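Only one structure is covered here, and it is reproduced in the block below.
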Amino acid sequence: MDYQFKEIEQKWQQYWATNQTFKADSNSDKPKYYVLDMFPYPSGAGLHVGHPLGYIASDIFARYKRLKGFNVLHPMGYDSFGLPAEQYAIQTGQHPAITTETNIATYRRQLDQIGFSFDWSREVRTSDPGYYKWTQWIFMQLFNSWYNLETDRAEDITTLVEKFNASGSAEVKAVCDEDTRSFLPSDWANFSDEEKQEELLKYRLTYLKESTVNWCPALGTVLANDEVKDGFSERGGFPVEQKKMMQWSMRISAYAERLLQGLDTIDWPEPVKEMQRNWIGKSVGASVKFKIDTENSPLPTENYIEVFTTRVDTIFGVSFVVLAPEHELVQQLTTPAQQQIVDDYIAQTKKKSELDRMADTKTVSGAFTGSYVLNPVNGEKVQIWIADYVLAGYGTGAVMGVPSGDQRDWLFATHFNLPIIQILDAQQDVETQADATKEGKYINSGFINGLNYAAAVAFLNNWLEEQGVGKAKINYRMRDAIFGRQRYWGEPIPVYFKDGLPYLVKEEELPVVLPEIDKYLPTESGEPPLGRAADWKYNGEYEYELSTMPGWAGSSWYWYRYMDAQNDSEFASKEAVAYWKDVDLYIGGSEHATGHLLYSRFWNKFLKDLGYVTEEEPFKKLINQGMIQGRSNFVYRVVDAEGRGTNTLVSYGLRKDYKTIALHVDVNIVENDILNIEKFKAFRPEFENAEFILEGGKYICGVEVEKMSKSKFNVVNPDVLIEHYGADTLRMYEMFLGPLEQSKPWNTNGIEGVFKFLRKFWRLFHNEEWQFHVNDSVPTKAELKALHKIIKKVQDDIERFSFNTSVSSFMIAVNELTDLKCKNRQVLEDLVVVLSPYAPHICEELWSLLGNEHLSTTPYPTFNPAYLEENEFAYPISINGKMKMNLNLSLSLDESQVHEAVLADEQVQKHLEGKTPKKIIFVKGKIVNIVI
RNA sequence: GCUCAGAUGGUGGAACUGGUAGACACGCAGGACUUAAAAUCCUGUGCCCUCAACAGGCGUGCGGGUUCGAUUCCCGCUCUGAGUACCA
């Protein structure tokens, strides 16, 4: 029988499902291997051909690892809380749970027909109460923890209370809010319960605090920094503004250094690591206190402005100090004479949106407050300004201005006519631009004159600390992550409020199940949707928290749930976690570099600190599959003199002769850029009677690479391709398209080649009459060579994630064996095993025709290099790297024999013209070049 | 601006540690089979000169360098893509 992919694929998919072939056992003598895909958000549009790319790669790897004798965990699930289902609910009133359920069914059907080897018994859904119970549980652990800098790990909050009891706040070194109180043990004992809770909240790893947040009015919610791109929301693209709000936050900043250090221990793509490093944004410097000059200041008492600088060595070059317009001391510092100017400036900056402010980095602006500070190193009196180039959110919201060493300070100084002081002898032309060099010796710099950079920094840090006016400091750009969302379709935060303070519900009361509401919109008083829920009170008495968790909550620990997905009493059993440990291979898109992948590392480190998991890093190796872009096709409609579209369409090559407009045409009715005119008429009935100007009898369409989207008619659905060619062809073709990590446009044009290959492969096992036919002869040398070449090649390719090259190698191998008329059972059996990770259905079928059980744990054939030994005699060499010729030599000769034989060779002698070679270059035992 | 990645035929791409550049596939051209088409199979296909073959010249974004030998290593530049952006 000819290759009947439909029957074969159906048969084996059913077989795998009924026999639970890919169910992973958490108890095995085999070494474990955990292959994970980033689980999808089940959107209404279903899968397009770009989505399965990474899943196919990971499936090939998982199947390969099984053949190699590993106990493989390869699960799949859904990140099923999220905005689109909620937006849909707002429009239609359909409960997001129903939308989600429907979408998941579509996803599952589409995934199943591609033939993945997922262990579906471990499926997770983040919106399932049985799952988010544990997301809430982790939230509770975070609430009950603080970060102890002495032990450099998170600890239970009770150890903090012990410290407060024993020695008050003085001995505590923690990552906490800035406004913590100083108190003695006796004070602590006298605090009321409310006061204690209020104080502890400043230390907890998840905390409630008034902070400036990214507020998106259109979505009616706050967003985390990584959910905002260029001043617009990542989802939906709505404008985002800054707003002060009481918000839940996660103290990820406590882990900044560990998140940074950990990057060196994991095998991730360098760009992702680099993005995380930038996001964490470590800068080493010093914080310095500048005393405010009380002589002229409206401030009555002694006060300081604290600045952060990475160039403390330039402190003698300070000629002004700048505060962010939002800085808390601005109003108090402003003298009556400057009040108007300062108010105007603040009003002006407030008007500027975040976007304007980012775009407009050229214009220098600012206002003098009228007050002065004294430079701690030399007592110099310098002006205090405000300017919007200083950001309230970074460092202390204040900087020292050193025009000779910093270009922004230089521009500011020049614009406002402030002094420029050269501080290093190596600085050039500081009157025309700043010179940020660290070379040379200090001048005009008081007690550091004559020192070099390193010495000056060390000396100053020490001096500042002794004087109590500063110290060395490390700053991180990464802010704590905002955790609350004013949305419905997310995990409820397991917290209620008593006397305005948050308390956790009891652990045994989890999950706090999302309540039903009548509409998925904020309440009339502007509260989040949960405010609509009837009796949404803890014990019918205390108000529950109304915001829900962000999208990244459920995805920050899901790989652990797969280890023990059905467990009701723990997020995963200790044994399961101890066995599976971490993810060995994680495949997904790079768009999660600063979101999911950072938050996951944070939660993982936290769970490790508490002893719930064993590894410091969750994902040992990460691969980013490239994005598949759309490849749009166009037809060209001729327009008349008035610019109106006519009823004539002109082929791509001839469109220059006319005035035309390009129209998107559904890529599914175009083959190799040739338009199917009949289908086109059905697609666009208004062109039913159109005239087509053809070239070479065909209508050729134009091409452009764009994002894959419905509106551009360039979405290619895997269902259609599977219907046409089968899943095995789709799987191999997606791999064949190019390197996994590279982004590329989808192009169905080449798929025929892969389909032809699978038919050829099928034919290898059949005779002319399409009857299954193999024999038990002894394999020939040539057959074994072809086989072992592919065994080695595929093994090497998979290990270095070069799946596209193995597809080519399969084609070569099958062509070779076809030419050799190979029907040998041993050879063909091994070939089936080698191909099976790529094309599992056809391989299972042939495997069973060969009389075997089933494939998944068959050992991968052992490569024997003996079969690859070269036996050709002629191979090319060059003389002086230039002229090339073929040399007839036996490769079994050793080097010295080859040497002689070469010189004796007639052709070589002709080229040597009597000269003796200076050098003969050998590569892998072969001569490649003779240098005369 | 900064950081990172990349540039190879008509197209997607291969060449793994410097060793016959263009594997494999698509497309195209020609041929076989067929009444015909589809399917299938065979042949050719980097560019230039040449009727063609032999032979030759040029070729991995551009300009240099190292080397017997460079798509691969080094220096400088151009372009493309991604990320990031007043971070003190």
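Under numbering that gives the first Met the number 0, think of the first position of the first sequence as 0, with each following residue one higher.
Heads up, the beta-carbon is just placed ideally off N, CA and C, and yes, glycines get one too.
Since this is a predicted model, take the numbers as computed values, not measurements.
Pairwise C-alpha distance: residue j and residue i
| i | j | result |
| --- | --- | --- |
| N675 | C842 | 35 Å |
| G587 | Q3 | 33 Å |
| K791 | Y131 | 45 Å |
| D405 | Q337 | 27 Å |
| F237 | T861 | 57 Å |
| D966 | P402 | Residue 966 lies beyond the range of the chain shown here (0 to 931); nothing can be said about it. |
| G737 | V753 | 13 Å |
| E677 | E722 | 21 Å |
| A56 | F921 | 38 Å |
| V813 | M731 | 15 Å |
| Y54 | M37 | 9 Å |
| T395 | E430 | 29 Å |
| E798 | D581 | 19 Å |
| G378 | K472 | 22 Å |
Neighbour-count burial assignment, residue i, 16 or more Cβ in a 10 Å radius
| i | result |
| --- | --- |
| Q426 | buried |
| I931 | exposed |
| V637 | buried |
| D434 | buried |
| T547 | buried |
| T436 | exposed |
| A571 | buried |
Residues sharing a beta bridge with residue i, DSSP
| i | result |
| --- | --- |
| A480 | M249 |
| H765 | F771 |
| H663 | F633 |
| P238 | F231 |
| G400 | F319 |
| Q382 | F319, Y371 |
| P501 | F496 |
| E705 | G629 |
| S282 | N474 |
| A153 | Y146 |
| I586 | D36, I622 |
| F289 | I304 |
| D266 | K620 |
Proximal residues to residue i (C-beta, below 8 Å), its chain only, five neighbours per side dropped
| i | result |
| --- | --- |
| K64 | Y32, V34, V71 |
| Y344 | P324, S364, G365, A366, I385 |
Close beta carbons around residue i, own chain, < 6 Å, minus the five adjacent residues each side
| i | result |
| --- | --- |
| E703 | S631 |
| S25 | A575, Y578 |
| A255 | I279, Y475, M477 |
| E240 | W214 |
| G43 | N102 |
| F163 | W187 |
| V826 | P778, E782, L786 |
Where the beta strand (DSSP E) through residue i begins and ends
| i | result |
| --- | --- |
| Q426 | Looking at the DSSP string, Q426 is not in any beta strand (DSSP E), and its letter there is neither H nor E. |
| R560 | Element bounds for R560: not the beta strand (DSSP E) but the alpha helix (DSSP H), 557-560. |
| G53 | Taken as a continuous stretch (DSSP letters only), G53 belongs to no beta strand (DSSP E), being part of the alpha helix (DSSP H) at 51-66. |
| N213 | 205-215 |
| E574 | Segment 573-579 is the alpha helix (DSSP H) holding E574; no beta strand (DSSP E) there. |
| F307 | 303-308 |
| N70 | 70-72 |
Limits of the alpha helix (DSSP H) - the one that residue i falls within
| i | result |
| --- | --- |
| W15 | 4-18 |
| D795 | 780-798 |
| A223 | Premise fails: A223 is in no alpha helix (DSSP H) and is neither H nor E. |
| W454 | Note that residue 454 corresponds to Ala in the displayed sequence, not to Trp. Segment 452-466, the alpha helix (DSSP H) holding A454. |
| N803 | 802-818 |
| E690 | Looking at the DSSP string, E690 is not in any alpha helix (DSSP H); the run it does join, the beta strand (DSSP E), is 690-692. |
| I919 | Looking at the DSSP string, I919 is not in any alpha helix (DSSP H); the run it does join, the beta strand (DSSP E), is 918-922. |
| V826 | 824-834 |
| G737 | First-last for G737: undefined, no H or E at that position. |
Close Cβ partners of residue i (< 7 Å) along its chain, the five nearest in sequence each way excluded
| i | result |
| --- | --- |
| I481 | V212, V221, A223, Q246, S248 |
| E193 | D498, L500 |
| G68 | K29, P858 |
Near the ligand HEM: residue i beta-carbon under 6 Å from a heavy atom
| i | result |
| --- | --- |
| Y866 | Within the structure as shown, the ligand HEM is missing, as the structure has no ligands at all. |
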